[in-house]
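Residue numbers (the UniProt record's numbering): 1 to 85.
First up is the structure itself, then whatever we jot down about it.
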Amino acid sequence: MAMPPLASMSAQRRPTTTVYARPAPMLDINEDVPGTVEAWEAVAPIRPDTAYVRAPRFLDLAGELLTATLIIAGGVFAYGFMPVA
1 MAMPPLASMS AQRRPTTTVY ARPAPMLDIN EDVPGTVEAW EAVAPIRPDT AYVRAPRFLD
61 LAGELLTATL IIAGGVFAYG FMPVA
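Put into structure tokens, the structure is as follows:
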């Protein structure tokens, strides 16, 4: 005994012309029209130079320097315990 299909026939076969015939969505109020923005403006990061922005960057740099120092010091320390044959 075969099971009946779960979806109706109208949902199984949908003509693609109705999907592509819909109008394009309207642009938001603050969205620029394509072609009006220069390429470098679209990808250039714009960060304000405030204390709230500088502090995380400093902490990130300090953390990376501390981590690099610990990795190098650990390697030098471990090398002292390795027998050189």
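For each residue, glycine too, the CB sits at the ideal point set by N, CA and C.
The structure displayed is predicted, hence computed values, not measured ones.
Distance between Val37 and Thr67 (C-alpha atoms, nearest Å)
When the Cα atoms are used, Thr67 and Val37 turn out to be separated by approximately 41 angstroms.
Once DSSP output is grouped into helix, strand and coil, what is the label at Ala68?
DSSP places Ala68 in the helix class (H, G or I) of the three-state scheme.
Classify Arg57 as helix, strand or coil using the three-state DSSP reduction.
DSSP places Arg57 in helix when its eight states are reduced to three.
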